[in-house]
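Inspection log for the structure reproduced underneath, given as structure tokens.
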Amino acid sequence: MESFTKVKLDDRQLRALAASTFGTDTDIISSKELTGGFFNAAYDLELSDGRSVILKVAPAAETETLSYEKDIMRAEVEALRLVLAAGTVPVPAVYGFDESLKLIPSPFFFMEKVEGYPYIEVKESLQDEVRVSIERELGRYQRLINGIKGERFGLFGQPPDTAARTWRETFTAMIHNVLDDGQRLGAVLPASYDEIKQGLEKFLPALEEVTEPRLIHWDLWNGNIFVKDGVIVSIIDWERALWGDVLMEYYFRHFENSPAFFEGYGATFDSPNERLRIRLYDLYLDLILVIECYSRQYKDENHIRWAFENLQETLKEFVGHDNIKV
């Protein structure tokens, strides 16, 4: 999707970045901008040494973003390296990361090009048994990701001294930051900001049950799962990784309902406490989907309307039907 946050690079800049990572004797044979993402710019490059690589470029520092999106490219690189070192989940290798801003006014990194296709692009063309197999495999990988334990709660790239909180304190700050972003950007929501904050209060005590930080991808939707020949070959886009509650993962959101995923994960989550936490994390994502339309200056009216109506439905449980704007 076209987004205000994406940095456009010309051929000269692409060559300079490649030379800084792979050496001055490496040239670019071909380049193609990838348009599937929503935040970073990405380029598919064929190098003169025979390698095919992906270049990801973060928004420039002055670009309007949401609070949680600051410095998230570093988070992605660190998360990729952590998961790759664990050796249990397929992720692309990182070839080089530069946040010096000396070559371009944005951090960037090169990573291994992933073979296959995003699951979202091929899902409908697959046989039912293949989809079941892929989603069962996804559940197993999701469990392995969530099995990695951390020492503190908070966003992955966040300095430890600002993240040493309980999960309730951490998540409360996260969702309040999103609401503060919305007010700063003038985002129109289906209920008032005060009503939403008040509605949250009765749900927040449920978070006290979460005491152990786990690695959370958070953005593991079907566009970030690459498949080939009926199996998952890579999981990408780790920039929103955090240490938190496993129920924050995308396949636990109201958008998905995959029995095969839960079978692969090896657990179901249907206690009263877990259901409350799931609803909180639904609200967090649904707020972001609306508010980022303002920071990214989306022009797709269908997407903007869908995001608003989706949040309308979620908010009914928090502020009541009578307080929802239509």
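First residue of the sequence shown? That's 1 in the UniProt record's numbering, and the numbers climb one at a time after it.
For glycine and all other residues, C-beta sits at the position ideal for the given N, C-alpha and C.
Pick from the options that is closest to residue i, judged by C-alpha positions
| i | options | result |
| --- | --- | --- |
| G230 | D286, G182, P118 and D180 | P118 |
| Q297 | L185, R214, I148 and E274 | L185 |
| G50 | N40, S30 and S67 | S30 |
| D180 | A18, E115 and T65 | T65 |
| D286 | L311, L204 and F110 | L311 |
| T26 | Q158, F261 and S48 | S48 |
| R165 | R152, H176, M174 and D282 | R152 |
| I104 | E313, E309, T268 and A18 | A18 |
| K228 | L101, S106 and I120 | I120 |
Element boundaries [alpha helix (DSSP H), containing residue i]
| i | result |
| --- | --- |
| R51 | Taken as a continuous stretch (DSSP letters only), R51 belongs to no alpha helix (DSSP H), as it is neither H nor E. |
| K228 | First-last for K228: I225 to K228, but that is the beta strand (DSSP E), not the alpha helix (DSSP H). |
| Y251 | First-last for Y251: undefined, no H or E at that position. |
| G139 | D128 to N146 |
| L80 | I72 to A86 |
Residue j beta carbon less than 8 Å from that of residue i
| i | j | result |
| --- | --- | --- |
| G223 | T170 | no |
| R275 | L207 | no |
| A187 | Y294 | yes |
| V57 | F108 | yes |
| G147 | P213 | no |
| G116 | F226 | yes |
| V132 | I236 | no |
| I28 | R15 | yes |
| G182 | I291 | yes |
| R136 | E263 | yes |
Nearest-angstrom Cβ-Cβ length linking residue i and residue j, presumed shorter than 8 Å
| i | j | result |
| --- | --- | --- |
| L138 | V89 | Incorrect: roughly 10 Å between the Cβ atoms, too far for contact. |
| I232 | I134 | 6 Å |
| Y250 | D219 | 6 Å |
| W238 | E76 | 5 Å |
| V79 | F156 | According to the sequence shown, residue 79 is Ala rather than Val. About 5 Å separates the two Cβ atoms, so the contact holds. |
| V91 | S234 | 6 Å |
Rounded C-alpha distance that separates residue i from residue j
| i | j | result |
| --- | --- | --- |
| M73 | F97 | 9 Å |
| K32 | F318 | 45 Å |
| E46 | V246 | 37 Å |
| E201 | D270 | 21 Å |
| P190 | H254 | 18 Å |
| E124 | V130 | 11 Å |
| M1 | A41 | In this prediction, M1 scores a pLDDT of 49, lower than 50, which makes its location untrustworthy; the coordinate-derived value is nonetheless stated afterwards. Approximately 11 Å, taken between the alpha carbons. |
| V122 | W221 | 14 Å |
| F203 | G154 | 19 Å |
| G36 | E62 | 23 Å |
| A260 | T24 | 48 Å |
| Y265 | Y68 | 28 Å |
Host beta strand (DSSP E) of residue i (start-end)
| i | result |
| --- | --- |
| Y95 | V94 to D98 |
| M111 | F108 to E112 |
| Y43 | A41 to L47 |
| G244 | L242 to G244 |
| S295 | Here S295 belongs to no beta strand (DSSP E); instead the alpha helix (DSSP H) covers P272 to S295. |
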